[in-house]
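Participant: Submitted below is the structure of interest, expressed as C-alpha cells.
2 protein chains.
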Amino acid sequence: MAASFLSKHKHIILYGVCLALLLFLLKWLELRLIIINHAFEMYIGAIAVIFTALGIWLALKLTKPKVRTVIVEKEVYVQHGGEFTLNEQELQQLGLSSRELEVLQLMAAGLSNQEIAGRLFVSLNTIKTHSSRLFEKMDVKRRTQAVEKAKRLRIIP
Amino acid sequence: MAASFLSKHKHIILYGVCLALLLFLLKWLELRLIIINHAFEMYIGAIAVIFTALGIWLALKLTKPKVRTVIVEKEVYVQHGGEFTLNEQELQQLGLSSRELEVLQLMAAGLSNQEIAGRLFVSLNTIKTHSSRLFEKMDVKRRTQAVEKAKRLRIIP
DNA sequence: GTAAAAATCATCCTAAAGTATGAAGCCTTT
DNA sequence: AAAGGCTTCATACTTTAGGATGATTTTTAC
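Going down the list, the sequences are from chains Y and C.
Just so we're aligned: the first sequence equals residues 42 to 198 in my numbering.
Just so we're aligned: the second sequence equals residues 42 to 198 in my numbering.
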C-alpha cells in the first residue's frame, strides 16, 4: 500500500523535496548573509549574553543566599506557681492542730462543711467544732477570711 | 506625584541610564577600535567584565530574599510572689460583668455579703443577686468555690 | 429610638455556716 | 493517776448564704 503510493507519485514527491531543499538553502543563505554582515555585533552580543549569564550564575552560586530572618517572640506563660514554701513559723504561732489544718485546707479547696465531713469520715458537727476552734485560733469570723489569711500567711498554697 | 514615580521606578530608571551610558561607552570603544586595531582583545575583555558585573548586579538586586520565619517561644515565669498577670482570656470567657467581678474580689478578701454591700454602697439583696449570677456564670455553688476557681484561673490575685 | 444587658432592690424561702455548751474517749505529760 | 490537749459527737440556736422570682432604672449597643 505504502510502496505503491510512493512509486505512483515519485515525480511529485521528488519535486516537492527539491523545492523544500531549495527554500531551506535560500533561507540558510539569507541567514548566513545576515550573520556575515553583522558578525561583529552578534559576536559582541553573544559575549554580552554569555558573561551576563556568567555574572548571574556567579552571584547566585558564589554568594551567601539572602535570608531575612524574622523573629517572632511568642510569650508562653508558664504557670510555675512558684514552689510553695510553708511558713512553719506562722503555723506554729497559730497553734493549729493537724485536724484543724486539714479542715482549713479543704475549706480553701471550696468544700462545704458537709463535704469536708464526708471526706474526713466524721460528722458535720465535728467539722463545725473544728472550724469554730480554727476561726478562734486564727482570729477570723468566716471561712473565707480564714482561707484568705491562711494564703496570705503562706500556711496553705 | 512625580517624586513618587521616580522613587517607585528608581531601579528601572537607573538601569535605563546605565544601559544608555553603556551603549555610549560601547560606541566610543568601537571608534577607538577602528583607530587602534590591536585593542580587540582588550575590547572583548572589557565587554566580558562589564557584562559579568551587570549579571552580578542583576542577580543581587532582582532576586527576592528568602524569608525565614523563626518563632522564638519566650517563657515568662510567673512567680507566686511576683506580679499578678490577669488571665484576660478566661475572664472574657466567663462573661462576668464589672460589678460581679468587684463582688468576687471582695469575696476573695473574706468579706461577708453585708460588708460587701456596705463597701459598694448598695443593699444586701443586690449583692445576693450579683453573687447568684456570679456563681451561675462561674459554674460553682458557693463563694469559697468561686474564690478558689477564680484564683486558679488567675482572674484575681 | 428601641432592644439588650447590666445594675438595682425586694420578698419569700431553704440551706449552710457559725456559736454556745456539754460530754465522752484517747493520747501525752507531769 | 490527774491534767490538759485533741478528736469526736450532740443539741439548740442565730446568722449568713444562696435560690427563685419579679420589678424598676440605667447603661449600652445597634
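Ideal placement from N, C-alpha and C gives every residue a C-beta, glycine not left out.
Please identify, using Cβ separations under 8 Å, the residues of the region 137 to 151 of chain Y that lie next to chain C, in order along the chain.
Facilitator: Cβ contacts with chain C come from MET148, ALA149, ALA150 and GLY151.
Participant: Which residues in chain C sit within 8 Å of THR93 of chain Y, going by Cβ to Cβ distance?
Facilitator: For the purposes of this step, residue 93 of chain Y is identified with residue 52 of the first sequence, where counting begins at 1. In chain order: PHE92, THR93, LEU95, GLY96 and LEU99.
Participant: Tell me the start and end of each unbroken alpha helix (DSSP H) in the region 120 to 150 of chain Y that is at least 4 residues and wholly inside, in chain order.
Facilitator: Taking only runs of at least 4 residues, the alpha helix (DSSP H) segments lying wholly in the region 120 to 150 of chain Y are 129 to 135 and 139 to 149.
Participant: Could you give the DSSP three-state label for ILE196 of chain Y: helix, strand or coil?
Facilitator: Position 155 of the first sequence, counting from 1, holds the residue named residue 196 of chain Y. In the structure shown, ILE196 of chain Y sits in coil (DSSP, three-state: anything other than H, G, I, E or B).
Participant: Mapping the DSSP letters down to three states, classify ARG183 of chain Y as helix, strand or coil.
Facilitator: Here residue 183 of chain Y corresponds to residue number 142 of the first sequence, with the count starting at 1. Three-state DSSP puts ARG183 of chain Y in coil, outside helix and strand.
Participant: Would GLU189 of chain C pass as an interface residue toward chain Y - the criterion being a Cβ-Cβ separation below 8 Å?
Facilitator: The residue given as residue 189 of chain C occupies position 148 in the second sequence. At least one chain Y Cβ lies under 8 Å of GLU189 of chain C.
Participant: Taking Cβ positions, are ARG174 of chain Y and GLU129 of chain Y nearer each other than 8 Å?
Facilitator: Here residue 174 of chain Y corresponds to residue number 133 of the first sequence, with the count starting at 1. Here residue 129 of chain Y corresponds to residue number 88 of the first sequence, with the count starting at 1. No, the Cβ-Cβ distance between ARG174 of chain Y and GLU129 of chain Y is not below 8 Å.
Participant: Skipping 5 residues on each side, what residues in its chain have a beta carbon closer than 7 Å to that of SER172 of chain Y?
Facilitator: Taking the first sequence and counting its residues from 1, the one referred to as residue 172 of chain Y is at position 131. If we look at SER172 of chain Y and ignore the five residues flanking it on each side, its Cβ neighbours are VAL144, ASN154 and ARG184.
Participant: May I have the straight-line CA-CA distance separating TYR118 of chain C from PRO198 of chain C, to the nearest angstrom?
Facilitator: For the purposes of this step, residue 118 of chain C is taken as the residue at position 77 of the second sequence. For the purposes of this step, residue 198 of chain C is taken as the residue at position 157 of the second sequence. At TYR118 of chain C the pLDDT is 49, less than 50, meaning the model places this residue with poor confidence and gives no usable figure here.
Participant: Does ILE85 of chain C have its Cβ less than 8 Å from a Cβ in chain Y?
Facilitator: Translated into the one-based positions of the second sequence, residue 85 of chain C becomes position 44. So, interface residue.
Participant: Please report how far the alpha carbon of LEU66 of chain C lies from the alpha carbon of LEU72 of chain C, in whole angstroms.
Facilitator: Working through the second sequence from its first residue, we reach residue 66 of chain C at position 25. Working through the second sequence from its first residue, we reach residue 72 of chain C at position 31. Roughly 10 Å separates the two Cα atoms.
Participant: Which stretch, first to last residue, makes up the alpha helix (DSSP H) that contains LEU152 of chain C?
Facilitator: As a position in the second sequence, residue 152 of chain C is number 111, starting the count at 1. Run containing LEU152 of chain C: none; DSSP gives neither H nor E here.
Participant: Whose C-alpha, out of C:THR93, C:LEU152, C:ILE88 and C:GLY136, is nearest the C-alpha of ALA187 of chain Y?
Facilitator: Within the first sequence, residue 187 of chain Y is the residue found at index 146, counting from 1. ALA187 of chain Y has its Cα closest to that of C:LEU152, out of C:THR93, C:LEU152, C:ILE88 and C:GLY136.
Participant: So which residues of chain Y does SER153 of chain C contact, with C-beta pairs closer than 7 Å?
Facilitator: Translated into the one-based positions of the second sequence, residue 153 of chain C becomes position 112. Neighbours of SER153 of chain C on chain Y, chain order: ARG183.
Participant: Using 10 angstroms around the beta-carbon of GLY86 of chain Y, count the other beta-carbons present and answer buried if the total reaches 16, otherwise exposed.
Facilitator: Start at 1 with the first residue of the first sequence, and residue 86 of chain Y comes out as number 45. Classification for GLY86 of chain Y: exposed.
Participant: For ILE88 of chain Y, would you say it is in contact with chain C, using Cβ-to-Cβ distances shorter than 8 Å as the test?
Facilitator: The residue you call residue 88 of chain Y lines up with position 47 of the first sequence. For ILE88 of chain Y, the answer is yes, since a Cβ of chain C falls inside 8 Å of its Cβ.
Participant: Measure the Cβ-Cβ separation of MET179 of chain Y and LYS190 of chain Y and say whether it is below 8 Å.
Facilitator: Counting from 1 along the first sequence, the entry for residue 179 of chain Y is found at position 138. Counting from 1 along the first sequence, the entry for residue 190 of chain Y is found at position 149. Yes, they are a contact pair.
Participant: Compute the distance between the beta-carbons of PHE92 of chain C and ALA80 of chain Y, then report whether it is under 8 Å.
Facilitator: Working through the second sequence from its first residue, we reach residue 92 of chain C at position 51. Working through the first sequence from its first residue, we reach residue 80 of chain Y at position 39. Not in contact: PHE92 of chain C and ALA80 of chain Y (Cβ atoms no closer than 8 Å).
Participant: Measure the Cβ-Cβ separation of LEU70 of chain C and TYR84 of chain C and say whether it is below 8 Å.
Facilitator: For this step, residue 70 of chain C is matched to residue 29 along the second sequence. For this step, residue 84 of chain C is matched to residue 43 along the second sequence. Cβ atoms of LEU70 of chain C and TYR84 of chain C: closer than 8 Å.
Participant: Identify, in the order they occur along the chain, each residue of the same chain with its Cβ nearer than 7 Å to the Cβ of PHE176 of chain Y, setting aside the five sequence neighbours on each side.
Facilitator: Along the first sequence, read from residue 1 onward, the residue named residue 176 of chain Y stands at position 135. Around PHE176 of chain Y: LYS182 and ALA187.
Participant: ILE196 of chain C to ILE168 of chain Y, Cα distance in whole Å?
Facilitator: On the second sequence, position 155 is the one that residue 196 of chain C refers to. On the first sequence, position 127 is the one that residue 168 of chain Y refers to. The alpha-carbon atoms of ILE196 of chain C and ILE168 of chain Y are separated by roughly 30 Å.
Participant: Using the Cβ count rule (16 or more neighbours within 10 Å means buried), how would you classify LEU137 of chain C?
Facilitator: Residue numbering aside, residue 137 of chain C sits at position 96 when the second sequence is read from its first letter. Per the 10 Å Cβ criterion, buried.
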